[in-house]
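Asks: Take this structure, written in structure tokens, and hold onto it; I'll ask about it next.
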Amino acid sequence: MAYRRTEAVALRLAENRRRILNAARELVLDGGFAKAQMAPVAERAGLATGTLYRYFSSKDELCLQVFREVSAREMSILNAIASKEAPASTRLEQVVRTFATRAIRGRRLAYALLAEPVDSSISQERWRFRRTHADIFTRIIQDGLEEGCFSAHDARLAATCIAGAVPSALIGPLAPESHELDENADHVIDSIVHFCLQAVGFNGKMTGQGLAQDQRVTA
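To convert, count from 1 in the sequence shown and add 59; that's my numbering.
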């Protein structure tokens, strides 16, 4: 009987933790990490505010875990594309197109992951996130150099430039205004993809393939 009670308690604790993380992710998707305060998270999760501190010592710890989960999900989507059996040019286009499409569809989440002012622990995690992003591009560009379809002089530097340029073109002060992204999203995405392919020395044609139409952008 004691074992069953312990098992039930462990299950309840795990369910509460997931409810808290789900609630926090929903608030981040709606208004960024600034909106994921402990009291609103508790209210959305259907728990007392004090209960949250049994699972997370602070808002920063909670938001760090949310960042890790959400960024891991975004990178897994891109990594799956990068790992396909396809020409490097096709994979590069699909990764860039998918990233850009998801950033436009989920601008609030993209801003939270890439540009929102956050505490130092999340900033460090963000740099790891950005490095992983660059690693994905590096792998594709190296494959393209071996295939002979790219002519970039340095795969890592080219990947770093692309990983920095694409977010800047979509998020923050240098990005198009929201109405431009809403009205001309396809043009913006095509232009970004074209730039990235030219940056690695590819002279072929874009395939126009990327994010599946039914793939929702969620936290």
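Glycine included, each C-beta is placed from N, C-alpha and C at the ideal position.
1. Is the CB-CB distance between Ala141 and Arg150 below 7 Å?
2. Indicate whether Phe115 and Leu106 have their beta-carbon atoms separated by less than 7 Å.
3. On the DSSP letters alone, give me the boundaries of the alpha helix (DSSP H) that Val129 sits inside.
4. Output yes or no for whether 7 Å exceeds the beta carbon distance between Ala169 and Ile79.
5. Tell me whether Leu173 sits in a helix, a strand or coil according to DSSP, three-state version.
6. Closer than 6 Å by C-beta to Asn262: which residues in its own chain qualify, once you throw out the five before and the five after it? Chain order, please.
7. What's the C-alpha gap between Phe158 and Thr65?
8. Could you give the C-beta distance for Phe196 and Gly260, rounded to a whole number, given that I count them as a contact under 8 Å?
9. Cβ of Glu285 within 7 Å of Cβ of Phe92?
10. Name the two residues that bound the continuous alpha helix (DSSP H) containing Cys255.
11. Work out the CA separation of Gln201 and Arg71 for me, nearest whole Å.
12. Whose C-alpha, out of Gly223, Glu236 and Thr219, is nearest the C-alpha of Ile163?
13. Assuming Arg53 and Leu86 are in contact, meaning their beta carbons sit under 8 Å apart, how far apart are those beta carbons, in whole angstroms?
14. What number of angstroms, rounded off, separates the C-alpha of Ala222 from the C-alpha of Ala67?
15. Do you know how far the Cα of Asn138 is from the Cα of Val247?
16. With the cut-off set at 7 Å, would you say Val252 and Glu152 are in Cβ contact?
17. If you compare alpha carbons, which of Met134, Glu128, Asp213 and Asn75 is closest to Gly113?
18. Please report the straight-line C-alpha distance between Ala171 and Leu216, rounded to a whole angstrom.
Replies: A quick look at the data gives this:
1. Closer than 7 Å, so yes.
2. It is not a contact, given that the beta carbons lie outside the stated cut-off.
3. Lys118 to Ala141
4. no
5. The three-state secondary structure of Leu173, taken from DSSP, is helix.
6. none
7. 44 Å
8. With a Cβ gap of about 14 Å, Phe196 and Gly260 do not count as contacting.
9. For residue 285 there is no data in the structure shown, the boundaries of the chain being 60 and 278.
10. Ala244 to Ala258
11. 47 Å
12. Glu236
13. As shown, the chain starts at 60 and ends at 278. That puts residue 53 outside it, with no answer to give.
14. 46 Å
15. 23 Å
16. Cβ distance < 7 Å, so Val252 and Glu152 count as in contact.
17. Note on identity: in this sequence residue 113 is Arg, with Gly being the wrong assignment. If we check each option's Cα against that of Arg113, Asn75 comes out closest.
18. So the alpha carbons of these two residues sit roughly 26 Å apart.
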